[in-house]
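These notes are about the structure you will find just below.
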Amino acid sequence: MSTNVCTFVGRLTANPEITLLPNGKERVRFSIAVDRNYKREDGTRPCDFIPVTIWGAAYVKKTNMGKGDKVCVSGRVEIYEFTSNEGTKKQGFTLNCSGIELVQKKMSEKDKAANQAAAAQEQGTLSEGDDDLPF
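The sequence shown lines up with residues 33 to 167 when you count with the working numbering.
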């Protein structure tokens, strides 16, 4: 028995491209950036870019996924051959996605500022009444 099941968690490198094919099916394509679990000597973390293909766009449309959002994708890796512009045969791959979950929306600068202000206000509220705590 052989198995071809992969799961990746990473951030979308661009907004998903939705294409309506002549047969009526929707195809979604995007890639995700997946960090490796180690750092180089200079402190940078290497990153792999995984191309993803989804057949059907309902979930992507419903969640309004976009560049920078963190997703968890699972499916099978498919390897294909193509001929480059120079005439040489090459191989590529894509994750044929059977499951996707939006893990985290990318926060805008406005949202980050609002969260920081709320956290600072909450911290100030907690520190005012510390003397009344029973522990």
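Cβ atoms here follow ideal geometry from the backbone N, Cα and C, with glycine treated the same way.
From the listed residues Arg108, Lys102, Lys121 and Leu53, the smallest Cα separation to threonine 35 is found for Arg108. In the DSSP annotation of this structure, valine 84 is not part of any alpha helix (DSSP H); the continuous beta strand (DSSP E) holding it starts and ends at 79-87. The DSSP-derived three-state label of lysine 93 is helix. Alanine 150 and valine 60 have their C-alpha atoms some 37 Å from each other.
When the five nearest sequence neighbours on each side are left out, the beta carbons in the same chain lying within less than 6 Å of the beta carbon of aspartate 80 are those of Val66, in order along the chain.
Here the C-alpha atom of aspartate 101 lies approximately 18 Å from the C-alpha atom of alanine 145. For threonine 45, the closest alpha carbon among the candidates Lys57, Ile64 and Met33 is that of Ile64. Residue burial is scored here from C-beta neighbours: phenylalanine 125 has fewer than 16 other C-beta atoms within 10 angstroms and is therefore classed as exposed.
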